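This report refers to the structure that appears directly beneath it.
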Amino acid sequence: MSTVEGDLLHTVEAGAISANRRFWGRTVLWLSAIWFVASFLLQGAHELGWTDWGFVNWRPVLYAYFLWAAVLCVTRVVIYGEAGKKALFVLPAALFVVSMVVFPLIFALWIGFSDWNLASSTGRRFNGLDNVRRMIADPFYTNALLNMILYCLAIAVEYAIAFGLALLLNQEIIARKFWRVTFLVPLMLSPVAVSWMVGKSMMETRFGPVARLARWLGWENPSFFGDPLTARLSIMIMDAWTFIPFMMIMLLAGLQALSREVLEAAEVDGATKWQRFWKVIFPLMLPVSVTAVMIRIIFKLKLADIIITVTSGGPGGATDSVTSFIYREYRDRSNVGYGTLLALVYLVIIVFGMTVLMKFSDRIVKRMTGRL
Amino acid sequence: MVRIDFEKYARGQRIRWWAMRFAVYGLLVIWAFVCVFPLFWTVSTSFKTAADVMRGNLIPWFNFSPSWLGWRSLGLSPDTIFQISTVRDEFMRRLWNSVIISVTASALAVVLGSLAAYGLSRFSYKFGHMRNSDISFFFLSQLIMPPVVLALPFLVLYKELALLDTYVGMIAVYTLMVLPIVVWIMRDQFATVPVELEEAALVDGLSVWGAFARIIVPLVLPGMVAAFLLALILCWNEYFFAALLTSTNTNTLPVMIASQTGSQGINWWSMAALSTAGILPLVIVGVVLEKHIIAGMTAGAVK
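The listed protein sequences derive, respectively, from chains A and B.
Per the working numbering, numbering through the first sequence is continuous, rising by one, with the last residue being 372.
Per the working numbering, numbering through the second sequence is continuous, rising by one, with the last residue being 1303.
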């Protein structure tokens, strides 16, 4: 990594770096790299049974990697001087993310096409496309994917409620801070505690207050997780409850940033409240809305803990999200191969879907705001 | 001559205004109830006896008399707090794990993320084909990554590296999880600081890092607090990775809460006490530092 012209903040090099300093920097860097590669190869050979000599586990290789990373950071400054100091800002984070994401992803490809039961001693067995075939024939995975679409569609309702609440908080009301804090409370609660106290206790069919309310409203035998549709709805409501504050706060910030002149101009021109909302406020809020909804979708795609704790996918896998399904798949069979392949396919679908969605929403925002 | 009944017109206006007020506050109260009732239910259930739970009594002192049943089973009631209690030890250990892991991971993410965001906002990098915007995108795109994709590879890798059920392993995972959010918030913060400040510092003889540490960090400290708090909330409540990658030593609170299933039904009062104790620290932090959390969430959303 090296810096080029075009920095926002310009610096002046104090003096030239001597050839000797450069040489030693390079040498140390190469030595640490060689050590890391050598220990990796050695341990790999040991794992595969080619050599007897090796470490108990891969820890020493990790230490060698740390050493190499540290040396890399230090030698940036030694070799490149001022430019190296700038590179040092981004380098630690970049190294961290690369080693924690890119490497495991490559490793995931290696696991994904294998039959690997962690509990048994046979270890990893390459099984070609067996997992793919199994995935295509697996009705539960398809069901989980369809559920994710349903769960994501629920965001439309969440968005409407959040927008309504943001409008409420934007009115001239007394004790606005108090209401804001109160509305923010659900965000701070742990989803696991929420799913226990709301999903299992408040929605308990005999004594739960929600069930009581439902009975009072005329629902004979309230059961919130009995049939697939109500179970899905209950999960959606619980998840919405924890995340509506998040969207609400973003939208509220957007509303407060709207220019007062435009709103007043609309009022002077005789627009009714309804017109003012649909013709002025809503289009102006589109960029913020798109950001809020996008972030919400990203979080929704990770939905798992509520489902795992409340229904564990039931009844009959009806409420499964992809994450909770893979979690159960691993818990039941302790086979990492199939689950990893499912997760990888999910990742591909998400990346593709999000890219399309981003392009699409970008176009809509451009069109809507361009007209104003 | 046309006579306008101003009195009547004004009265109509006033009624409309009052109706509007009424609707606004009515909706506010309803939603506040929706937000707070589960919390009230959790806290009040922890003071109920079995009969009170079954009868669904709601209001303390009015239709049930509070008792310390739930807190006693956790070893945290006034009469058991000074006695030896294995449950309390267990709870304190989990609480301590949660504190260590989430605070360290959030702090680490803030340090790494701020440095990266600062570098990206001030200097232009080139790494192969990747320019600044690509590197930024690389960091932010990690937000899309669902945990489940990395979970099983991490499980296998951690097993090989002997990092399963260790603090280091959990902290690394959580740092990775919140890093994109920190970068997102901090990038926005650094963009608001004028470059002239650092230029002046450089002229006065500070190095790039000196200017960053002495001039910039104090300026963006509120932003850092906001990023730290958001990261803390996410780490404290995380369940999925904790359930997979820990077993006995470094279990966090959510894992302990999720694993409370008795063979003969659930002891709602102790469950409620445990949940209350688990969520209370964060609720207090959140209510006290609400301003910063909101600042963090709105960063980058409004241009």
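We put the beta carbon where it would ideally sit given N, CA and C, even for glycine.
Nothing here was measured: the structure is a model prediction, and the numbers come from that model.
Subject >> Neighbourhood of residue 2 of chain A by C-beta distance below 8 Å, restricted to the same chain and skipping five residues each side >> reply: Counting from one through the first sequence, the residue named residue 2 of chain A turns up at place 2. The predicted position of residue 2 of chain A is uncertain, since its pLDDT is 44 and thus under 50; no value can be drawn from it.
Subject >> C-beta neighbour in chain A for residue 1042 of chain B, strict 8 Å >> reply: If you number the second sequence from 1, residue 1042 of chain B lands on position 42. By this cut-off, residue 1042 of chain B is an interface position.
**OP:** Scan the region 1038-1070 of chain B for residues whose Cβ lies nearer than 9 Å to a Cβ of chain A and list them as they occur along the chain.
**Re:** Under the 9 Å Cβ criterion, the region 1038-1070 of chain B contributes 1038, 1039, 1041, 1042, 1045, 1053, 1054, 1055, 1056, 1058.
Original post:
If residue 1069 of chain B and residue 59 of chain A are in contact, beta carbons under 8 Å, what's the gap, nearest whole angstrom?
Top reply: Counting from 1 along the second sequence, the entry for residue 1069 of chain B is found at position 69. Counting from 1 along the first sequence, the entry for residue 59 of chain A is found at position 59. Not quite, the Cβ-Cβ distance comes to about 47 Å (not below 8 Å), so this is no contact.
Subject >> Whole-number beta carbon distance between residue 1103 of chain B and residue 1232 of chain B, since they are thought to touch under 8 Å >> reply: Against the second sequence, residue 1232 of chain B aligns to sequence position 232. Against the second sequence, residue 1103 of chain B aligns to sequence position 103. With 8 Å as the limit, residue 1232 of chain B and residue 1103 of chain B qualify as a contact, their Cβ atoms being about 7 Å apart.
Original post:
Just to check, is the beta-carbon of residue 102 of chain A closer than 7 Å to a non-hydrogen atom of the ligand COA?
Top reply: The ligand COA is not among the ligands present in this structure, which contains no ligands whatsoever.
Original post:
Are the region 1282-1302 of chain B and the region 172-188 of chain A touching, with three or more C-beta to C-beta distances below 8 Å?
Top reply: They touch, by the three-pair rule.
Original post:
Does DSSP put residue 1060 of chain B in a helix, a strand or coil?
Top reply: Mapped onto the second sequence, residue 1060 of chain B falls at position 60. Residue 1060 of chain B: strand per DSSP, three-state reduction.
**OP:** Can you tell me which of the three DSSP states residue 58 of chain A falls into?
**Re:** The count along the first sequence starts at 1 and reaches residue 58 of chain A at position 58. It is coil, neither helix nor strand.
Subject >> residue 1032 of chain B versus residue 1107 of chain B - alpha carbon distance >> reply: Looking up residue 1032 of chain B in the second sequence gives position 32. Looking up residue 1107 of chain B in the second sequence gives position 107. Taking the straight line from one Cα to the other gives about 32 Å.
Original post:
Looking only at its own chain, which residues have a Cβ that is under 6 Å from the Cβ of residue 112 of chain A, when we skip the five neighbours before and after it?
Top reply: Within the first sequence, the letter at position 112 stands for residue 112 of chain A. Only 340, 341, 344 meet the Cβ criterion.
**OP:** Name the two residues that bound the continuous beta strand (DSSP E) containing residue 115 of chain A.
**Re:** Working through the first sequence from its first residue, we reach residue 115 of chain A at position 115. Residue 115 of chain A -> beta strand (DSSP E) spans 114-116.
Original post:
Quick one: is residue 331 of chain A buried, meaning 16 or more other Cβ sit within 10 Å of its Cβ, or exposed?
Top reply: Taking the first sequence and counting its residues from 1, one reaches residue 331 of chain A at position 331. Exposed, by the Cβ-count rule.
Original post:
Ordered along the chain, which non-local residues of its own chain (more than five positions away) have a Cβ less than 8 Å from that of residue 127 of chain A?
Top reply: Stepping through the first sequence from its first residue, residue 127 of chain A is reached at position 127. Cβ within range, chain order: 113, 114, 115, 337.
Original post:
Where does residue 363 of chain A sit, in a helix, a strand or coil, going by DSSP?
Top reply: One-based indexing of the first sequence puts residue 363 of chain A at position 363. Correct three-state label for residue 363 of chain A: helix.
Subject >> Through-space distance from residue 144 of chain A to residue 1296 of chain B, alpha-carbon basis >> reply: Position 296 of the second sequence, counted from the first residue, corresponds to residue 1296 of chain B. Position 144 of the first sequence, counted from the first residue, corresponds to residue 144 of chain A. The alpha-carbon atoms of residue 1296 of chain B and residue 144 of chain A are separated by roughly 33 Å.
Original post:
Counting contacts by CB-CB distance shorter than 8 Å, is residue 1237 of chain B in contact with chain A?
Top reply: Counted from its first residue, the second sequence places residue 1237 of chain B at position 237. Taking Cβ atoms only, chain A reaches closer than 8 Å to residue 1237 of chain B, which makes this a yes.
**OP:** Could you confirm whether any beta carbon from chain A is found closer than 8 Å to the beta carbon of residue 1304 of chain B?
**Re:** Look at the range of chain B in this structure, 1001 to 1303, and you will see that residue 1304 of chain B is not part of it.
**OP:** Take every Cβ of the region 285-294 of chain A, pair it with every Cβ of the region 304-313 of chain A, and state whether three or more of those distances are shorter than 8 Å.
**Re:** no
**OP:** Helix, strand or coil for residue 135 of chain A, going by three-state DSSP, please let me know.
**Re:** The residue labelled residue 135 of chain A in the question sits at position 135 within the first sequence. When secondary structure is reduced to three states using DSSP, residue 135 of chain A falls in the helix class.
Original post:
If we count Cβ pairs, one from each stretch, closer than 8 Å, do we get three or more for the region 267-279 of chain A versus the region 308-326 of chain A?
Top reply: Touching, no, given that fewer than three Cβ pairs across the two stretches are closer than 8 Å.
Original post:
Of all Cβ atoms in chain B, is any one closer than 8 Å to the Cβ of residue 199 of chain A?
Top reply: In the first sequence, counting from the first residue as 1, residue 199 of chain A sits at position 199. It does not; no Cβ of chain B falls within 8 Å.
Subject >> Nearest candidate by alpha-carbon position, reference residue 25 of chain A, set A/61, A/73, A/41, A/238 >> reply: Against the first sequence, residue 25 of chain A aligns to sequence position 25. Ranking A/61, A/73, A/41, A/238 by Cα distance to residue 25 of chain A puts A/73 first.
**OP:** Use the C-beta contact count for residue 158 of chain A: other C-beta atoms within 10 angstroms, 16 or more gives buried, fewer gives exposed.
**Re:** As a position in the first sequence, residue 158 of chain A is number 158, starting the count at 1. Flag for residue 158 of chain A reads buried.
Original post:
At a Cβ threshold of 8 Å, is residue 59 of chain A touching chain B?
Top reply: The residue you call residue 59 of chain A lines up with position 59 of the first sequence. Cβ-Cβ to chain B under 8 Å: yes for residue 59 of chain A.
**OP:** Counting only runs of 4+ residues fully inside the region 1191-1216 of chain B, write out the alpha helix (DSSP H) ranges in chain order.
**Re:** Runs of the alpha helix (DSSP H) inside the region 1191-1216 of chain B: 1195-1203, 1208-1211.
Subject >> Neighbour flag for residue 1275 of chain B against chain A, beta carbons, 8 Å >> reply: As a working note, residue 1275 of chain B is residue 275 in the second sequence. True, the Cβ-Cβ gap to chain A drops below 8 Å.
**OP:** Measure the C-alpha to C-alpha separation of residue 1245 of chain B and residue 1202 of chain B and round it to an integer number of angstroms.
**Re:** Looking up residue 1245 of chain B in the second sequence gives position 245. Looking up residue 1202 of chain B in the second sequence gives position 202. Residue 1245 of chain B and residue 1202 of chain B: Cα-Cα distance of roughly 46 Å.
**OP:** Hey, could you find the ends of the alpha helix (DSSP H) residue 1040 of chain B is sitting in?
**Re:** Against the second sequence, residue 1040 of chain B aligns to sequence position 40. Residue 1040 of chain B -> alpha helix (DSSP H) spans 1006-1045.
**OP:** Taking a Cβ distance cut-off of 8 Å, strictly less, list which residues of the region 1108-1142 of chain B are near chain A, in chain order.
**Re:** Taken in chain order, the members of the region 1108-1142 of chain B whose beta-carbon sits within less than 8 Å of a beta-carbon on chain A are 1112, 1113, 1115, 1116, 1118, 1119, 1120, 1121, 1122, 1123, 1124, 1125, 1126, 1127, 1135, 1138, 1139, 1142.
Original post:
To the nearest angstrom, how far is it from the Cα of residue 1021 of chain B to the Cα of residue 308 of chain A?
Top reply: For this step, residue 1021 of chain B is matched to residue 21 along the second sequence. For this step, residue 308 of chain A is matched to residue 308 along the first sequence. Cα-Cα distance, rounded: 42 Å.
Original post:
Going along the chain, which residues of its own chain have a beta-carbon closer than 6 Å to the beta-carbon of residue 85 of chain A, five neighbours each way excluded?
Top reply: Numbered from its first residue, the first sequence carries residue 85 of chain A at position 85. Result list for residue 85 of chain A: 77, in chain order.
**OP:** Check residue 1237 of chain B in the structure and name its three-state DSSP category.
**Re:** Within the second sequence, the letter at position 237 stands for residue 1237 of chain B. Helix, per DSSP.
Original post:
Are the beta-carbon atoms belonging to residue 1146 of chain B and residue 350 of chain A less than 8 Å from one another?
Top reply: Residue mapping note: residue 1146 of chain B aligns to position 146 of the second sequence, counting from 1. Residue mapping note: residue 350 of chain A aligns to position 350 of the first sequence, counting from 1. Contact flag set, yes.
Subject >> C-alpha distance - residue 220 of chain A paired with residue 214 of chain A, whole-angstrom precision >> reply: On the first sequence, residue 220 of chain A is found 220 positions in, with the first residue counted as 1. On the first sequence, residue 214 of chain A is found 214 positions in, with the first residue counted as 1. Computed Cα separation, rounded: 8 Å.
Original post:
How many whole angstroms separate the CB atoms of residue 1207 of chain B and residue 1074 of chain B, which I take to be in contact at a CB cut-off of 8 Å?
Top reply: Stepping through the second sequence from its first residue, residue 1207 of chain B is reached at position 207. Stepping through the second sequence from its first residue, residue 1074 of chain B is reached at position 74. Contact flag wrong, Cβ pair sits at about 53 Å.
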